[in-house]
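In what follows, a single structure is set out as structure tokens and then discussed.
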Amino acid sequence: MVFVVGIVGPIFLLVYFAAQPDPTIKWMYYTGLLLTAGEILIALNVTEAISRHHPSTDATKGDTHELPLRD
1 MVFVVGIVGP
11 IFLLVYFAAQ
21 PDPTIKWMYY
31 TGLLLTAGEI
41 LIALNVTEAI
51 SRHHPSTDAT
61 KGDTHELPLR
71 D
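Its first residue numbered 1, the sequence shown is counted upward by one per residue in full-length UniProt numbering.
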């Protein structure tokens with residue numbers, strides 16, 4: 001479902017640029033831009049919310065020297 005929602009804006013943009021210049025489909029350009037920008041902002045917001053609630057990985061950052069090295 002996420003991919004279906006996320007592809008609508010780019011489809012509008014592709015149709016707009018693939019079609020012959022026609023003033024009646026100018027709305028597809030602006031709608032495609034708004035949908036794509038909105039989808040990107042939603043994805044960034046969801047990613048931030050997930051990473052904020054994820055258990056902290058600060059303890060493991062930079063501690064790679066304690067892991068045994070394999071040849």
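Where is the CB? At the ideal position from N, CA and C, for every residue including glycine.
Predicted model only: the values in this text are computed from it and were never measured.
- Within the same chain, Cβ atoms closer than 7 Å to the Cβ of residue 12 are found at 28, 31, 32 and 35, the five residues on either side in sequence being excluded.
- In the structure shown, residue 23 adopts helical secondary structure according to DSSP, grouped into three states.
- Within the same chain, 39 come within 7 Å of residue 6 by CB-CB distance, once the 5 residues on both sides are set aside.
- Using a Cβ distance threshold of 7 Å, residue 19 and residue 25 count as a contacting pair.
- Distance from the CA atom of residue 4 to the CA atom of residue 14, rounded to whole angstroms, is 15 Å.
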